[in-house]
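Residue numbers (this note's numbering), protein chains in the order written: chain A, 1 to 339; chain B, 1 to 339.
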């Protein structure tokens, strides 16, 4: 089979995906008899378009500017071209816009409406309009996958199919590495939130405007996706009770410590509720992880808790999740084609 | 579709599986259009056989002795009947016999040779004769699944397909809950190995003869399966350098602690080697888990380490892994049937 791909967004995640695809493209050909061709790469101000497949070696060579590539077309837009390129798969990696989910939402809807499978690393469309996207994908018999949106490389969405004989009943998670880094540093060094935040910014763990992280919004968006996927809910971010970490003091952490606890910023789905906020956690709890890691604890009906842990961010981390989704789609489509 | 099952071994795991199947049988029917029928349950001294399906409600009712069931036949053997019962799936839950893997090995070979899919909770055949079983399954186009053999409910074998776009390069794991419990207690309480072992035995975490655990053999068997599965190796337990925990002293733990370390019993697969033995682990490492949990750290090429953690033993824990395998097989067989 041939898989004609368009990538929307050539930022860090998009570029890492192209690098990873280049490295794995012959493996995919060999193992799954699938020719991957990147037919288009869209950016906000134009696109590279080559129906025969963009030369990834050339594109990713050092010191090349992709806007100077001979296939670059200024000012063309994904929304205008998705339907015309005879695509099989659309990969969305534009930056998250938390209020509207645009332009990713429109890209995803447009792709699915044209019978094109979708992989998204952009989470906003899913914490805002989960049900709408899922229903459309079902109606069009298309795959829509978004493993990279929660805990990046940690396969915490697709794990559902590994636990299909069990039943997940509750989720407790650390979904924002920035906040976990800040709280870990405050706990071990006794420094204030402001000092720890500055340190995180200097190390590149926190944005210049850190509000989406420290106010809890980022974790809340991921929690919505996680709960909808694993618990079969249909919530949106408006359903989450959100509290950030900005009010936590070294004194509060010290007090917790004297009782054998620390404070973690947890995302919890239980009964019918979604909650993001600071919680006391025992010092020897598996939830007491340090640094920028993410952790997801799945309470199950038949086998206690199953915990997954790993890096929650990073270009290649997200790219590896996208490639997992891509190969899963190839395998499924192959089966359909073969029979 | 109909799924005619035989269960071999009605111990704790086998009985928990029957209970779980009873609870989920209508879900499987509804979701996957599959009628599960247990046609036979073999024990060492006979079997319950009913080609129309054993009544699980009646079988599992309180205060019933299954050897008094009207379908009980004394002294019939699985090996004589597997080929005659028109089975689709054979589930092996007999106790592990570490030197020969028997009688489980013969059951598995017999089932596969008769074109019957296999799920095993018995690990010995897989750490002794992995390649032989896999080759036979491939030749017969049969599924052979054994998620329950390593870390029971934690889906650490099937996770391979969730990471298919990535590449696992190294494994570091805590695969024996008994040993981890003993070392945790020695580290926190300053007690000797002998005292901690006695405590573990009193709590039911360690066997009367604990040698398979404390000498490292149990962890080594699981490591072989894990490495063969995730790293595509073809090793057997003879390839593992094994050291147990019996020589660890409270003094050694105290010394480690004074440098910020503790001692854990690790199972490691790296480069071409399989090693089980005590290792120094930093106090704040994610590997420093306490109690009877299992932990598996998968080093990946593209996304750092991904860690899975959960209960490594228990009847319902293993049963949930068996049911995951069962539903995965049903889904695959359904696809084949549908098309």
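Built from N, CA and C at the ideal position, the CB exists for glycine as well. Note that this is a predicted model, so its numbers are computed, not measured.
CB-CB length for residue i against residue j, believed under 8 Å
| i | j | result |
| --- | --- | --- |
| residue 142 of chain A | residue 176 of chain A | In fact, because the Cβ distance is near 30 Å, the residues do not count as touching under 8 Å. |
| residue 122 of chain A | residue 102 of chain A | About 10 Å; that fails the 8 Å criterion. |
| residue 28 of chain A | residue 36 of chain A | 6 Å |
| residue 306 of chain A | residue 300 of chain A | 6 Å |
| residue 53 of chain A | residue 73 of chain A | Actually they do not touch by this definition, with Cβ atoms about 16 Å apart. |
| residue 96 of chain A | residue 124 of chain A | 5 Å |
| residue 108 of chain B | residue 120 of chain B | 6 Å |
| residue 335 of chain A | residue 229 of chain A | Actually they do not touch by this definition, with Cβ atoms about 22 Å apart. |
| residue 44 of chain B | residue 327 of chain B | Not really, about 29 Å apart at Cβ, beyond 8 Å. |
Nonlocal neighbours in the same chain, by C-beta distance under 8 Å from residue i, ignoring five residues either side
| i | result |
| --- | --- |
| residue 112 of chain B | 118, 133, 136, 137, 140, 142, 144 |
| residue 293 of chain B | 174, 177, 180, 309, 310, 311, 312 |
| residue 210 of chain B | 178, 197, 200, 201 |
| residue 338 of chain B | Because residue 338 of chain B sits at a pLDDT of 46, beneath the cut-off of 50, its placement in the model cannot be relied upon, and the following sentence gives the value as read from the coordinates. Cβ within range, chain order: n/a, list empty. |
| residue 167 of chain A | 300, 301, 302 |
| residue 287 of chain B | 172, 174, 264, 266, 281, 295, 297 |
| residue 58 of chain B | 64, 69 |
| residue 12 of chain B | 315 |
| residue 75 of chain B | 45, 46 |
| residue 246 of chain A | 193, 214, 215 |
| residue 331 of chain B | 32 |
Beta-bridge partners of residue i, as assigned by DSSP
| i | result |
| --- | --- |
| residue 72 of chain A | A/48 |
| residue 294 of chain A | A/310 |
| residue 277 of chain A | A/266 |
| residue 299 of chain B | B/170, B/305 |
| residue 316 of chain B | None, per the DSSP bridge assignment. |
| residue 322 of chain A | Bridge partners of residue 322 of chain A: none, in fact. |
| residue 120 of chain B | B/92 |
| residue 156 of chain B | Paired residue(s): none; residue 156 of chain B is not in a bridge. |
| residue 247 of chain B | Answer is none; residue 247 of chain B lacks a bridge partner. |
| residue 146 of chain B | BP columns for residue 146 of chain B are empty, so no partner. |
| residue 42 of chain A | A/8, A/47 |
Pick from the options that is closest to residue i, judged by C-alpha positions
| i | options | result |
| --- | --- | --- |
| residue 146 of chain A | A/291, A/222, A/240 | A/222 |
| residue 10 of chain B | B/4, B/42, B/109, B/34 | B/42 |
| residue 276 of chain B | B/264, B/282, B/283, B/284 | B/264 |
| residue 78 of chain A | A/231, A/104, A/240, A/296 | A/104 |
| residue 186 of chain B | B/51, B/262, B/71 | B/262 |
| residue 282 of chain A | A/87, A/258, A/330, A/268 | A/258 |
| residue 182 of chain B | B/272, B/278, B/157, B/151 | B/278 |
| residue 203 of chain A | A/287, A/162, A/291, A/228 | A/291 |
| residue 8 of chain A | A/55, A/244, A/57, A/82 | A/82 |
| residue 216 of chain A | A/58, A/32, A/244, A/34 | A/244 |
| residue 248 of chain A | A/231, A/195, A/239 | A/195 |
| residue 84 of chain B | B/39, B/298, B/157, B/57 | B/39 |
| residue 6 of chain A | A/269, A/90, A/60 | A/90 |
| residue 164 of chain B | B/151, B/231, B/149 | B/231 |
| residue 260 of chain A | A/333, A/151, A/285 | A/285 |
| residue 271 of chain B | B/158, B/205, B/331, B/170 | B/170 |
| residue 131 of chain B | B/233, B/14, B/1 | B/233 |
| residue 151 of chain A | B/304, B/331, B/326, B/269 | B/304 |
| residue 240 of chain A | A/246, A/214, A/269 | A/269 |
| residue 56 of chain B | B/207, B/75, B/14, B/184 | B/14 |
| residue 71 of chain A | A/326, A/51, A/86 | A/51 |
| residue 184 of chain A | A/289, A/1, A/205, A/94 | A/289 |
| residue 94 of chain B | B/149, B/30, B/206, B/34 | B/149 |
| residue 157 of chain A | B/162, B/157, B/80 | B/162 |
Residues near residue i in its chain [Cβ-Cβ closer than 6 Å; skip 5 each side]
| i | result |
| --- | --- |
| residue 17 of chain A | 319, 322 |
| residue 242 of chain B | 216, 220, 276 |
| residue 88 of chain A | 3, 4 |
| residue 329 of chain B | 117, 143 |
Cβ shell of residue i (< 7 Å), same chain only, five flanking positions each side left out
| i | result |
| --- | --- |
| residue 237 of chain A | 127, 128, 220, 221, 224 |
| residue 155 of chain A | 147, 324 |
| residue 316 of chain A | 16, 20 |
| residue 212 of chain A | 98, 218 |
| residue 235 of chain B | 224, 227, 228, 274 |
| residue 333 of chain A | 1 |
| residue 60 of chain B | 18, 19, 22 |
Using 8 Å as the threshold, is the stretch 14-25 of chain B in touch with the stretch 59-71 of chain A, meaning 3 or more CB pairs across them?
no
Hey, is the stretch 187-195 of chain B in contact with the stretch 253-264 of chain B, meaning 3+ C-beta pairs nearer than 8 Å?
yes
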